[in-house]
Amino acid sequence: MEIALQSLRIILEPSHFLMLISGVLLGLAIGILPGLGGIVGMTILLPVIYGMDPHDAFALLIGMVAVIPTSDTFPSVMMGIPGSSGSQATIMDGYPLAKKGQAARALSAAFTASLFGGLFGAAVLTAVIPIARPIVLSFGSPELFMLALLGMSMVGVLSGNRPIKGVLAGGLGLMIGALGAAPALPEYRYYFGIDYLMDGIPLVIIGLGLFAFPEIIDLLIKGKAISEAPTLGKGWLQGVKDAISHKLIILRCSVIGVIVGFLPGLGGTVVDWISYGHVIQTTRDRENFGKGDIRGVLAPESSNNAKEGGGLIPTLLFGIPGSGSMAVFLGGLLILGIQPGPSMVSEDIGLLYTAIWSLALANVFGAGLCIMLSKPITRLTIIPFTYIAPFMILILTLASYQATRSWGDLIALLIMGILGWVMKQYGWPRPAALIGYVLSDNLETYLFISVQRYGIAWITRKGVIILALIIAISMVLSILWKTKKKPTTKLVYDSDKQAS
Amino acid sequence: MSKKMLVIGIALFIILSIGMAPTVHGVDFSKKTIKWIIPFKVGGGSDVWSRLYAPFFRKYLPGHPAVVIKNMPGGGSIIGGNYFDRKVKANGLTVFGSSGSTTFPYLLGVREVKYDFSRYYLVFASPFGGVAYINPKFGAKSVQDLKGFKEKLAYASQGATSLDIVPLLAFEMLGLDVKAVFGYKGRGAGRVAFEQGEADIDYQTSSAYIKNVRPLIKQGAAIPLMTWGVLDEKNKVVRDPMEPDLPCFPEAYEMIHGKRPSGQAWEAWKAFFTAGFAVQKGMWLPEKTKKDIVETYRTAAAKIIADPEFKVVVQKSLGGYKQLPGEQGRKAFEQVLKVPPESKVWLYGWLKDRYDVTVK
Amino acid sequence: MIVISRLLKIRVVFAAFIFVAFGYGMCEAFSFGFLAKIFPLYICLFCTILAFFNLILEIRHSWREAIDSGVGFVDLESEWDIPMSEVIERFCRYLLLLLLLYVSIWLLGYSLSITIFLVIFYRFLTGTTWRIASVAGLAGLAFISLISKLMVIDWPLGIIQNWIHLPWPLG
Chain A
1 MEIALQSLRI ILEPSHFLML ISGVLLGLAI GILPGLGGIV GMTILLPVIY
51 GMDPHDAFAL LIGMVAVIPT SDTFPSVMMG IPGSSGSQAT IMDGYPLAKK
101 GQAARALSAA FTASLFGGLF GAAVLTAVIP IARPIVLSFG SPELFMLALL
151 GMSMVGVLSG NRPIKGVLAG GLGLMIGALG AAPALPEYRY YFGIDYLMDG
201 IPLVIIGLGL FAFPEIIDLL IKGKAISEAP TLGKGWLQGV KDAISHKLII
251 LRCSVIGVIV GFLPGLGGTV VDWISYGHVI QTTRDRENFG KGDIRGVLAP
301 ESSNNAKEGG GLIPTLLFGI PGSGSMAVFL GGLLILGIQP GPSMVSEDIG
351 LLYTAIWSLA LANVFGAGLC IMLSKPITRL TIIPFTYIAP FMILILTLAS
401 YQATRSWGDL IALLIMGILG WVMKQYGWPR PAALIGYVLS DNLETYLFIS
451 VQRYGIAWIT RKGVIILALI IAISMVLSIL WKTKKKPTTK LVYDSDKQAS
Chain B
1001 MSKKMLVIGI ALFIILSIGM APTVHGVDFS KKTIKWIIPF KVGGGSDVWS
1051 RLYAPFFRKY LPGHPAVVIK NMPGGGSIIG GNYFDRKVKA NGLTVFGSSG
1101 STTFPYLLGV REVKYDFSRY YLVFASPFGG VAYINPKFGA KSVQDLKGFK
1151 EKLAYASQGA TSLDIVPLLA FEMLGLDVKA VFGYKGRGAG RVAFEQGEAD
1201 IDYQTSSAYI KNVRPLIKQG AAIPLMTWGV LDEKNKVVRD PMEPDLPCFP
1251 EAYEMIHGKR PSGQAWEAWK AFFTAGFAVQ KGMWLPEKTK KDIVETYRTA
1301 AAKIIADPEF KVVVQKSLGG YKQLPGEQGR KAFEQVLKVP PESKVWLYGW
1351 LKDRYDVTVK
Chain C
2001 MIVISRLLKI RVVFAAFIFV AFGYGMCEAF SFGFLAKIFP LYICLFCTIL
2051 AFFNLILEIR HSWREAIDSG VGFVDLESEW DIPMSEVIER FCRYLLLLLL
2101 LYVSIWLLGY SLSITIFLVI FYRFLTGTTW RIASVAGLAG LAFISLISKL
2151 MVIDWPLGII QNWIHLPWPL G
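Residue numbers (the numbering used here), protein chains in the order written: chain A, 1 to 500; chain B, 1001 to 1360; chain C, 2001 to 2171.
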């Protein structure tokens, strides 16, 4: 307790505080610009932290990474373009709300949920430290495989009433993810002799190509402004009220966020889809999802902030990154001369508390700043899109190119973009493809390790059985509670009705 | 003017010009930027290594140029290596940082590799050490007890052609029956697997070992076995100074088999050990670089390594091993370049028979 | 002829493409080493079969649609208030624009191209004055130069950089 308070005092010192605020501002900027995420921020900061006092550096780095899941809501809600990989699910309902002129409501709800999620993540980080080790250790490769499978089962929920296309899209994602080096062997698959493809297509490009590109093109085709309603709507207080009235959802999804962030290998990029899928599964009233149901904004926004707190647990306590940006953060730790591991809980515990406080404070400031910035930024939704489009294209190409810094990035962006556009028009659920892609590596790797190590016996492990039951229950529930659609004589293929 | 004055004048002139010649023709990087290509992504081990060195190069290179890290990840560092080979000008403004993952495919003769270390100039090399340890449930208290060990051991591996060639070959030479489970994404994951019981035997780099495995040993959850060792000036494998109580691999071999290691397997192991640990990371200048530039860099490296401030960095973040500048590093790297072809052939055979892996 | 015109709808072509892609994936998978083959093989096998059914369904529906709504390509997407053919036409136009951008990057390098792209887009597609367009172009250039410095990224160079030596951000 004493150490915790001492760390708080250290953070509030002017120099550290300045670092925190700088990190927050950088994170704000990065989140708002679509396609740039935590990895970019870490890359920018890494040269800067050399030789810094570790407390300062922590405040800076964590301040930055904590705010991105809050500020990335802006482009997602206002343009349907993911601000970062953790904000894609927010688009499903946030964007329709903006189109109805309720951008303010969506944003304030999102920020409230983000704030809660972030604080929850920080709180869990604090509480869990003594028991984190045994929990992380109890998740061996078979259990991690089952978790990835649980993630895949979301494909069903997210496909709405187009199950076949949903599964196919998921399969497509799995195969695109399998492109490149095989996890267990020095063998390269499906790369057609092209150097670039030897490493597979980077996540940024999949996200931007499948989601951002089609949205930009469609907005250009429509030739209007983003908001189809003439006014912005009042919404402020309404958004906060929504958040409070659905506090259980926020709590549940924060828990999901922490768990997904906490377990290495599940990938923080699907956490928003998992909580989005979860909230659909667990309600009978599903009509409005995809059309502007505020719960569809609350769920992903709380979980993607909570996951940052969760992600710090394996990173700091085990040296295993919980996500891509955590991997770079680990590099930062090594530059600072800090070796993550059990020593974080004993010798370096002061730093651990600095991390926690930075996380909590950054979330508070971030949410506050975002709320202040909302008014001016939401005005952008009434400007005709042709004013924004060219810069969007610039950012899209820029963000893609920084993935591997080669021409392949730009070409892959174009190809994935065309694929994403066609999928959008003809009703192929893109979230399913994204989930397949993200989980592909984990599914294959953990399956193989499990089979190699345990033979067939891995199926009988306690953890595996428990998780299998959870998957079964969630799938049954989602089928049972589906609203039955009246049979129609002619099937109309809508592109953006439900999850697509 | 007397003759004496003239003679003294000429002598002074000669002395002064000799004394000043190096600086008149010296290398100067003022107002320039040095780009250090690292064929790995930001935050990785090699990236961190270069970032620790970079500010010191700025300090000791004449003209104090800015030194920036240019990450070029891809193809397991092959893409960055090929770029360095083909596209970099030999004007001393671009250098390359290699790691074991860059050297291994080169050693193995992987088809995609276009770079060739024998053509470049090594500025300095950094050794890293590895320490192997085992689960105590088998009852072995030291590597001696592994003589005639019959149990099957699981090892969490990143792949048969990764740095794991060193531990896998070592274990096999010691007569251990080790099943390599492929697919793990790094030594950190391997360590977690060990703690979970998924892996029975594991190794860690020295810094990770000190921070993460020593506590396990104290709790009785791990038994240290041996280190791979380090190369001394005569390029013999000797005990690792970071773990002086543990035998190095050749010693362990002798403990088990009663004689020093020799033969194809040993030559192969030594070459890959050198590439993967003894000179794991190195800074290179391209092929046609002029001698004075190479000398400037090597001198700067030597100064960095002697700098007490840098010594602290080495202790804290680079494992505490003696860094090898200039000629020292070059001689050590020779071991990698001079691998006897029969050893390579032997290794290909071993990879095929043991792991069904064909190097393309 | 009618058959072909009904089948050549993008929807059907795409479904066929997916079917072929999975089939190809399955065949390729046979050539991999054991551990690398299992995952892609079974997924592609399952998906090829599913994709086949999907293709049949798509053909059926697009056949029916063509019959019900008369001749031609009138494809009602309830999302759009313009006919689908118009949507596709506009899409192709924007795609062409992007392809031109890419060609320009190849010839002139990224920095120069994106600046020109911004200026041209603002002037001709958004309809602003030359002055505003130039400001936008310069703002874009400043932004990518900033990122280039911060992240130590070199934007792609074009062919022109081999011949003419351009000052920093552009060359």
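For every residue, glycine included, the Cβ atom is placed at its ideal position computed from N, Cα and C.
- Proximity of chain B to ILE320 of chain A at the Cβ level (cut-off 7 Å) is accounted for by GLY1188, ALA1189 and VAL1192, in chain order.
- Between PRO214 of chain A and TRP428 of chain A, the C-beta gap is not smaller than 8 Å, which leaves the two residues out of contact.
- When secondary structure is reduced to three states using DSSP, LEU1163 of chain B falls in the coil class, being assigned neither helix nor strand.
- Comparing C-alpha distances from ALA4 of chain A to each of A:LEU125, A:LEU61 and A:GLY86 shows the shortest one belongs to A:LEU125.
- DSSP places LEU1318 of chain B in no alpha helix (DSSP H); its state is neither H nor E.
- The continuous beta strand (DSSP E) containing ILE1134 of chain B extends over residues 1130 to 1134.
- Among the residues of chain B, none has a CB under 9 Å from the CB of GLY2109 of chain C; the nearest is roughly 16 Å distant.
- LEU469 of chain A and LEU147 of chain A have their alpha carbons spaced roughly 12 Å apart.
- Per DSSP, SER84 of chain A lies in no alpha helix (DSSP H) and is assigned neither H nor E.
- Using a C-beta cut-off of 8 Å, the region 1199 to 1219 of chain B makes contact with the region 1125 to 1138 of chain B, since at least three inter-stretch Cβ pairs fall below that distance.
- Under the 10 Å beta carbon count, MET2026 of chain C is surrounded by 16 or more other beta carbons and is classified as buried.
- Burial check for ASP441 of chain A: the Cβ neighbour count within 10 Å reaches 16 or more, so the residue is buried.
- If you ignore the 5 residues before and after GLY319 of chain A, its C-beta comes within less than 7 Å of the C-beta of LEU330, PRO340 and GLY341, all in its own chain and listed in chain order.
- Under a criterion of Cβ atoms nearer than 7 Å, no residue of chain C is adjacent to ILE1223 of chain B; the nearest Cβ is some 31 Å distant.
- At a cut-off of 8 Å between beta-carbon atoms, VAL65 of chain A makes no contact with chain B.
- The beta-carbon distance between LEU263 of chain A and PHE139 of chain A, rounded to whole angstroms, is 6 Å. This is short enough to meet the 8 Å contact definition.
- Here ILE415 of chain A is exposed. Its C-beta has fewer than 16 other C-beta atoms within 10 Å.
- Boundaries of the beta strand (DSSP E) harbouring TRP1284 of chain B: 1281 to 1285, taken from the DSSP string.
- Interface flag for VAL2020 of chain C against chain B is unset, since no Cβ pair is found closer than 8 Å.
- Note that the C-beta distance between ILE335 of chain A and LEU107 of chain A is not below 8 Å.
- The C-beta of TYR426 of chain A comes closer than 8 Å to at least one C-beta of chain C.
- According to the DSSP assignment, GLN452 of chain A belongs to the alpha helix (DSSP H) that extends over 430 to 454.
- Think of a sphere of 9 Å around the beta carbon of GLY2158 of chain C: no beta carbon from chain A falls inside it, the nearest being about 11 Å out.
- LEU410 of chain A and TYR401 of chain A have their C-alpha atoms roughly 6 Å apart.
- With respect to SER153 of chain A, SER450 of chain A sits apart: the two C-beta atoms are not nearer than 8 Å.
- Taking all protein chains shown into account, PRO1105 of chain B has 16 or more neighbouring C-beta atoms within 10 Å of its C-beta and is therefore buried.
- Annotated as distal: GLY86 of chain A and ALA110 of chain A, with beta-carbon spacing of 8 Å or more.
- In the three-state scheme derived from DSSP, where H, G and I count as helix and E and B as strand, VAL1213 of chain B is classed as helix.
- Counting only residues of its own chain and dropping the five nearest sequence neighbours on each side, PRO1224 of chain B has a CB closer than 7 Å to the CB of VAL1131, TYR1133, ILE1217 and LEU1246.
- ALA1170 of chain B has its alpha-carbon roughly 22 Å from the corresponding atom of TYR1321 of chain B.
- Counting along the chain, the unbroken alpha helix (DSSP H) around THR404 of chain A starts and ends at 389 to 404.
- With its beta carbon at least 8 Å from every one in chain B, VAL2135 of chain C lies outside the interface.
- Going by DSSP, GLY2140 of chain C is part of the alpha helix (DSSP H) stretching over 2130 to 2151.
- Judged by DSSP secondary structure, MET416 of chain A falls within the alpha helix (DSSP H) whose first and last residues are 407 to 425.
- Per the C-alpha coordinates, the member of A:ALA184, A:SER15 and A:THR43 positioned closest to VAL328 of chain A is A:THR43.
- When beta bridges are read from the DSSP output, LEU1231 of chain B appears opposite B:VAL1237.
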